[in-house]
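The structure under discussion appears below in the form of structure tokens.
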Amino acid sequence: MLDPSYVVEGLLVTLQIWVGALVLSIILAVPVAVLRRSENALLKFLGALWVGLARGIPPVAWLIIIYFGLSLGIISEVPVIAAIVGLGIVNSAYVGDSIRAGLDAVPRGQWEAASAVSLSRFESMRRVILPQAIPIMIASTAAYSITLLKNTAIASIIGANEMVFYAYNAVQIGAPAVGSFVIIGLVYLAFTVPVGFLARWIDAKASKGVAV
Numbered sequence: 001m002l003d004p005s006y007v008v009e010g011l012l013v014t015l016q017i018w019v020g021a022l023v024l025s026i027i028l029a030v031p032v033a034v035l036r037r038s039e040n041a042l043l044k045f046l047g048a049l050w051v052g053l054a055r056g057i058p059p060v061a062w063l064i065i066i067y068f069g070l071s072l073g074i075i076s077e078v079p080v081i082a083a084i085v086g087l088g089i090v091n092s093a094y095v096g097d098s099i100r101a102g103l104d105a106v107p108r109g110q111w112e113a114a115s116a117v118s119l120s121r122f123e124s125m126r127r128v129i130l131p132q133a134i135p136i137m138i139a140s141t142a143a144y145s146i147t148l149l150k151n152t153a154i155a156s157i158i159g160a161n162e163m164v165f166y167a168y169n170a171v172q173i174g175a176p177a178v179g180s181f182v183i184i185g186l187v188y189l190a191f192t193v194p195v196g197f198l199a200r201w202i203d204a205k206a207s208k209g210v211a212v
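Following full-length UniProt numbering, the numbering of the sequence shown begins with 1 at its first residue and continues without gaps.
This is the structure in structure tokens:
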């Protein structure tokens, strides 16, 4: 039987990868969104190139490239850090598009109205545009975070000792395969279901124009 202590230890590593990759993806997504919304053709191309590479290369390939194929010091030596970087890169494309979509969803007239009352572009963004765009961004980012959480399972391929890693090792020494992975699946559900409900709740509030 899968040792509960291993489940807990693996869960802590899974959450570490999830949170780390989510934070990194948000940090990377901001410049990606700026590039994608730029009126400069070169900058727009660079943003599209980042998104294309992040989405086009499978997450597992990113992890293998970073961990085995690059010489990046500690990033390429510690599986958990390599997983955070790889999954953060992949998720940044989706979060970047959610930021861009949130900004694009605000009617152009809001910019014009802010300009009419003498607000600078920065003030217009801070006081008028972002309050309307952020609920949309949060809803879609929360939805993407569910996929990110499930993708942490592939970190076992580079030796990150998350939940799937421990379940696989337990099966190798005699634990029942179905039972072990059902337990891991239930632990994932315990996190993905609430986050899914949260994403839908935020989306419903944003659709009705209610502050979250």
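Note that beta-carbon positions come from the ideal geometry of N, C-alpha and C, so glycine has one too.
Check: Based on Cα-Cα distance, which residue from Ile136, Ile89, Gly96, Leu63 lies nearest to valine 80?
Finding: Leu63
Margin query: If you reduce the DSSP assignment to three classes, tell me which class aspartate 3 lands in.
Written below: coil
Next item on the list: Determine the direct distance from the alpha carbon of proline 58 to that of alanine 133, and round the result to whole angstroms.
Entry: 29 angstroms
Checklist line | Runs of alpha helix (DSSP H) lying entirely within the stretch 37 to 105, each at least 4 residues, in chain order | finding: 41 to 56, 59 to 64, 79 to 105
Notebook entry, point to check: In this structure, does DSSP put alanine 160 in helix, strand or coil?
Noted result: coil
Note to self: Helix, strand or coil for glycine 174? Go by DSSP, reduced to three states.
What the structure shows: coil
Check: So the alpha helix (DSSP H) threonine 141 belongs to, where does it begin and stop?
Finding: 130 to 151
Check: Taking the alpha-carbon positions, what's the arginine 37 to alanine 54 distance?
Finding: Arginine 37 and alanine 54: Cα-Cα distance of roughly 18 angstroms.
Checklist line | Buried or exposed by the 16-neighbour rule on C-beta atoms within 10 Å, applied to phenylalanine 122 | finding: Counting other Cβ atoms within 10 Å of its Cβ, phenylalanine 122 stays below 16 and is therefore classed as exposed.
Checklist line | Inter-residue Cα distance where the pair is isoleucine 173 and valine 182 | finding: 17 angstroms
Next item on the list: Reducing DSSP to helix, strand and coil, say where leucine 119 ends up.
Entry: Look at leucine 119 here: in three-state DSSP terms it is coil, with no helix or strand label.
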